[in-house]
């Protein structure tokens, strides 16, 4: 559906369409009920723990540099659609995500991805910590700094183990992870490789540990994160500093 085909008033149509969007390929569903997630200014003392470190790939890039790297203009849409999109993005994330601006060049894609992400956010067969680890491992393997940065922000908002999230880039050398977590990380990396390198033995072990539904969700989340990360990387999108906002009380990304 595109905005000009909606028979409601322009204001109603724009608001309804934008409220369904999920800030592009790496977004959550409606998070307004969780203050720690919907307000990026909420800081967690755990983030100041020396054992907790944001992956180096998530280091923020200033706005001018991000725009010069981007392969499409990162300009906010004009008119009502742009105003509603900005209101929604700031309400959810504290700023406008660059991938939403990239997707705004193709509004049907923006709406489709937003609707899809809202459905994905409702999946619950896989433990949230395992899901976050798989997503982070995938983003790191692809090399998407935007996704690594935003993934940390999301994990912080959901109260996940940030020490483990931060250790994902060097997980093979870390003793933080359980055997199942290590297998999940291995699976994410193997499935992200081209061609995929998942072995029957690894899949069977995860199936025994997690069950069929969770294994299917794990495979889907790695596939979804590949879509997100490769879209962002393909368009040259870089870290915006979402993770940094979790570390400084009152800060906005």
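In our numbering, the protein residues as written are 448 to 700. Beta carbons are placed, not taken as given, at the ideal position from N, Cα and C, and that holds for glycine. This one's a predicted model, so the numbers in the text were calculated from it and none came from an experiment.
Reduced DSSP secondary structure (H/G/I, E/B, other) of residue 692: helix
The alpha helix (DSSP H) enclosing residue 682, as first and last residue numbers: Here residue 682 belongs to no alpha helix (DSSP H), and DSSP marks it neither H nor E.
Could you give the DSSP three-state label for residue 495: helix, strand or coil? Caution applies to residue 495, whose pLDDT of 49 falls short of 50 and renders its modelled position unreliable; the value that the coordinates give is listed next. Three-state result, residue 495: helix.
Leaving out five residues on either side along the sequence, give the residues of the same chain with a beta carbon under 8 Å from the beta carbon of residue 456. Below a pLDDT of 50, predicted positions are generally treated as unreliable, and residue 456, at 35, falls in that range; no measurement from the model is reported.
Please work out which residues of its chain come closer than 7 Å, Cβ to Cβ, to residue 586, disregarding the five sequence neighbours upstream and downstream, and give them in chain order. Here the set comprises 594, 595, 598, 672 and 676.
Do the region 634–650 and the region 560–578 meet, that is, are 3 or more Cβ pairs less than 8 Å apart? no
Out of curiosity, what's the CA-to-CA distance linking residue 626 and residue 611? Distance from the CA atom of residue 626 to the CA atom of residue 611, rounded to whole angstroms, is 13 Å.
DSSP state of residue 545 mapped onto helix, strand, coil: helix
Helix, strand or coil for residue 519 per DSSP? coil
Nearest CA to the CA of residue 669: which residue from 589, 536 and 547? 589
Would residue 534 be called buried (16 or more neighbouring beta carbons within 10 Å of its own) or exposed? That one is exposed.
Might you give, ordered along the chain, the residues of its own chain that have their beta carbon closer than 8 Å to the beta carbon of residue 543, omitting 5 neighbours on each side? 523, 532, 533, 536 and 537
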